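Chains as they are written, first to last, in the numbering used here: chain A, 119 to 383; chain B, 22 to 462.
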C-alpha cells in the first residue's frame, strides 16, 4: 500500500472516531445526570406497589394516576366573578387606580386556596393551588380564574390491568342550569357529591374512573343588585382508562351522558 | 603419454567446470536477494509494516479523541472550547467597535476608540464627547477635573417641578442662540431610578405571573420597574449670545448635568423627554419641560411619527452614514421601515417645533447622536471648562410617581408594594398545600 493511500485510509476511518468517542462519553454523562435528577422518582416508581409500575415512564398516565404527586391532570377549576371590594380586608382602603390589577392578580392565589377545605374529605386528601390569575374589567368587576390540584381520596378502580389502555375523557354537567343555583359552599358541596356519584357509576360499569377536572363558574348578571349572590354552574370531566379496541371516545361520552341523565333525575 | 596428458587436462577442465557450476549454484539465490534488496529497500516482512502504521494511526486518533473528551468533561451542556470563547470575545470587541489591540497595531487614538457608528447614527462612549461635527473629542479636550470613577452616583438632592400641561414652550427672545441636543438615550447610568406607579405595577404583575403560571424559572420573576436614569454632561461654550438650550432625549430618563464655560449666558432650558432632570442650572435661567407621553405614545416605530398638533417625540433625521440607512438602501425591509419612521417622525417633530418656537427649526446648532455620556454645545473651548460631578449638585426633576436612589431602595419599594397588594406575606403567592386533617405541608 502506498503511503498516501495509507494516509487517506487512516484519516477517513479515523474521523468518525473523533466524533464517536466524545459523543459516547457525553452520552454517558447525559444519562448519568438525567438519572441523578430523576433518580428519586424512578426508584420510587420501580419499587412501588401496583398500579405504580405500569405507568412508569408514561408521563401522561403518571399525571392522571400517580397517587404521590399533585399534577395538572387532576384539578378543580374556578372562574369567579367578584366586586373589587370583596378582595379587600375590612377597613382596607382602595388602592391607587394603577395598582388595582396588581391587587387582583396578587390576591388570586389566596382566593383560590380558600376553596381547598371544601374539597378535602371524600373528594380529596390533599389540595394546592395549581395556577391562578385575575382580571379587572372596565366596570370594576374582578374575575379570578385558576385551578386547585388534588390527590383523590376516592377509589380510582382498576387501571393497572387494562389491556390496550388509553385515557378517554368525557364531560358532564353537574348542576341544572334551569334551576337557579346560588354560589354557596353547600351548592358546591352538592356538585362535588354528584361528581363522585357519577364517577362511582362509571367505575362500576367501566372498571375505573377519575375526576380529571371539576369546574365551577360563579357569574353575576350586570343588572344584578349589589347584595345579590352570584349564580353557580358546575361541569365535570372524567377520565377512564379503557381498552381502545373495545371503547371509543364518543361511546364513552354517550355512556357518561346516559349516567348523568339517571343522576339528574 | 599424449593420451594420458589429454586425459589429465580434460579431467582438470571438468573439475574446474564443476567447481564453477557449484559456485554459481551456491551464489545465485543470494545474488537475487541482494538485487531485490537493492531495488526496493523493503523490510524483511513487507505486510507487517503497513499494518503497524494503520494501528499506530488509529491509536493516535483515539488519543486525540480522548483528549477532546477530557477537554469537554465538565458538562456536555456547557461546551464552549477555549478557542471559541476567545473568538467570541474577539467578535464582541469587533461588534462594539473597540480599538484593536495596541500590541498589534501600535497605540490607538483614545478619541477615535470612543466613537462608534451604529444603525441609528454615532454613539460616543465615555470619555468621548458628542459634538456637531462628530469629531473624535474626549472630555479632557473640553473640560478639566473630569473623573470617570465618579460617574455612577446621583445628585445630592432633587427638586420636583411640573411638566408643561400644553405642548408649548417659551419662545426664544430676540438675540437668543438656540442649541439643540437630541439623542436616543444616555449611556452613563446613575443610581437614581424614576418611574411611574403603573410601570411598577406592570413589573410586579410580571413577577406574580412568573410565580403563579406554574412554570418554574419564568424570566419575569424578580422583575422591577425599569427607570434607571442616565447622566449626560452638557458642556456649553457658546458665548455669542444668550443660550436657549433644548435638551431632547427619546427613550430614556436623563439627568442633564450642565457645565458652563467662561462667559456663557444660559438664558433658558427646555427639557423634552419622559422623566428628565437637570443639574447645574445657573441662577436666573428659565426651565420648563414637556413629557413626551403626555402628548404622544412613547418611542414606537410607525406609531408616533405622524404630523399632529403636539408631536413632541424628538425623532432624528437619518444621515447617510447611519448603518441602518445603508442597510435600508441595500433592500433590508426592517431598516426600510425603521428609516421611514425616522424620516416621517423627524418631519412631524420639525413641524411641531417650528410652530411652537415661532419659526425656529430643530436643526439649529444641533448635536444629534444615538447615545452618549457627554455633549459639547458650542465650539471647542480654548480654556477647558471646569467639571462639576453630579453627586455634588442639586437637580430639578420632572414630577414622577417614584424616585429612589440605589438598588436596595428600589427593591424595598417593590417589596412593600407587593406585600400591600397581596395583603400579607409574599409566601401567600404560593401557599402551602392543605391536606386532610388540616395539616399544612
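Built from N, CA and C at the ideal position, the CB exists for glycine as well.
Note that the structure is predicted; figures quoted are calculated from it, not measured.
Does any residue of chain B have a CB that is nearer than 9 Å to the CB of residue i?
{"i": "residue 136/A", "result": "yes"}
{"i": "residue 317/A", "result": "no"}
{"i": "residue 128/A", "result": "yes"}
{"i": "residue 182/A", "result": "no"}
{"i": "residue 260/A", "result": "no"}
{"i": "residue 219/A", "result": "yes"}
{"i": "residue 139/A", "result": "yes"}
{"i": "residue 201/A", "result": "no"}
{"i": "residue 271/A", "result": "yes"}
{"i": "residue 249/A", "result": "yes"}
{"i": "residue 209/A", "result": "no"}
{"i": "residue 213/A", "result": "yes"}
{"i": "residue 382/A", "result": "no"}
{"i": "residue 331/A", "result": "no"}
Taking DSSP as the reference, what is the three-state secondary structure of residue i?
{"i": "residue 343/B", "result": "coil"}
{"i": "residue 125/A", "result": "helix"}
{"i": "residue 409/B", "result": "coil"}
{"i": "residue 317/A", "result": "helix"}
{"i": "residue 336/B", "result": "coil"}
{"i": "residue 246/A", "result": "strand"}
{"i": "residue 201/B", "result": "strand"}
{"i": "residue 149/B", "result": "strand"}
{"i": "residue 133/A", "result": "helix"}
{"i": "residue 225/A", "result": "helix"}
{"i": "residue 292/A", "result": "coil"}
{"i": "residue 214/A", "result": "coil"}
{"i": "residue 463/B", "result": "It is not possible to answer for residue 463/B, since the shown part of chain B is limited to 22 through 462."}
{"i": "residue 196/B", "result": "coil"}
{"i": "residue 170/A", "result": "At residue 170/A, the pLDDT of 45 sits below 50, so the modelled position is not reliable and the matter cannot be decided from this model."}
{"i": "residue 184/A", "result": "coil"}
{"i": "residue 286/B", "result": "coil"}
{"i": "residue 177/B", "result": "coil"}
{"i": "residue 144/A", "result": "helix"}
{"i": "residue 12/B", "result": "Residue 12/B falls outside the range modelled here, since chain B spans only 22 to 462, and no answer is possible."}
{"i": "residue 189/B", "result": "coil"}
{"i": "residue 37/B", "result": "helix"}
{"i": "residue 457/B", "result": "coil"}
{"i": "residue 139/A", "result": "helix"}
Within the continuous beta strand (DSSP E) that includes residue i, where are the two ends?
{"i": "residue 278/B", "result": "275 to 281"}
{"i": "residue 200/A", "result": "193 to 201"}
{"i": "residue 357/A", "result": "349 to 361"}
{"i": "residue 395/A", "result": "What is shown of chain A runs 119 to 383, which leaves residue 395/A out entirely."}
{"i": "residue 388/B", "result": "387 to 393"}
{"i": "residue 299/B", "result": "298 to 300"}
First and last residue of the alpha helix (DSSP H) that includes residue i?
{"i": "residue 360/B", "result": "354 to 377"}
{"i": "residue 263/A", "result": "Per DSSP, residue 263/A belongs to no alpha helix (DSSP H); it is in the beta strand (DSSP E), 259 to 270."}
{"i": "residue 277/A", "result": "Run containing residue 277/A: none; DSSP gives neither H nor E here."}
{"i": "residue 449/B", "result": "Run containing residue 449/B: none; DSSP gives neither H nor E here."}
{"i": "residue 314/B", "result": "Careful: residue 314/B lies outside any alpha helix (DSSP H) and carries neither H nor E."}
{"i": "residue 376/A", "result": "367 to 382"}
{"i": "residue 236/A", "result": "234 to 237"}
{"i": "residue 133/B", "result": "131 to 134"}
{"i": "residue 162/B", "result": "160 to 163"}
Give a yes or no on whether 9 Å exceeds the smallest Cβ distance from residue i to chain A.
{"i": "residue 217/B", "result": "yes"}
{"i": "residue 456/B", "result": "yes"}
{"i": "residue 83/B", "result": "yes"}
{"i": "residue 87/B", "result": "yes"}
{"i": "residue 233/B", "result": "yes"}
{"i": "residue 248/B", "result": "no"}
{"i": "residue 178/B", "result": "no"}
{"i": "residue 451/B", "result": "yes"}
{"i": "residue 316/B", "result": "no"}
{"i": "residue 243/B", "result": "no"}
- Task: Only counting runs of 4 or more residues, tell me where the alpha helix (DSSP H) segments fall wholly within the region 213 to 269 of chain B, in order along the chain.
- Result: Counting whole runs of 4 or more residues, the region 213 to 269 of chain B contains the alpha helix (DSSP H) stretches 218 to 233.
- Should the region 291 to 300 of chain B be called in touch with the region 267 to 283 of chain B, which here means at least 3 C-beta pairs below 8 Å? Under the 8 Å Cβ criterion, the region 291 to 300 of chain B counts as touching the region 267 to 283 of chain B, having at least three qualifying pairs.
- Task: Let me know the beta strand (DSSP E) ranges lying completely inside the region 407 to 446 of chain B, each 3 residues or longer, listed in chain order.
- Result: Restricted to the region 407 to 446 of chain B, the beta strand (DSSP E) segments that are unbroken, complete and at least 3 residues in length are 415 to 419, 423 to 426, listed in chain order.
- Three CB pairs or more closer than 8 Å across the region 225 to 234 of chain A and the region 436 to 453 of chain B: Yes, since at least three Cβ pairs between the region 225 to 234 of chain A and the region 436 to 453 of chain B fall closer than 8 Å, the two stretches touch.
- Inspect the CB distances between the region 270 to 284 of chain A and the region 193 to 204 of chain A and report whether three or more fall short of 8 Å. Touching, no, given that fewer than three Cβ pairs across the two stretches are closer than 8 Å.
- Message: Counting beta carbon pairs with one atom in the region 131 to 150 of chain B and one in the region 387 to 399 of chain B, are three or more of them shorter than 8 Å?
- Response: Yes, they touch.
- Item | contact_flag[the region 344 to 360 of chain A, the region 211 to 220 of chain A] where n(CB pairs < 8 Å) is 3 or more | Touching, no.
- Task: Specify whether the region 221 to 237 of chain B and the region 159 to 166 of chain B touch according to this definition: at least 3 beta carbon pairs, one from each stretch, less than 8 Å apart.
- Result: With the cut-off at 8 Å, the region 221 to 237 of chain B and the region 159 to 166 of chain B do not touch.
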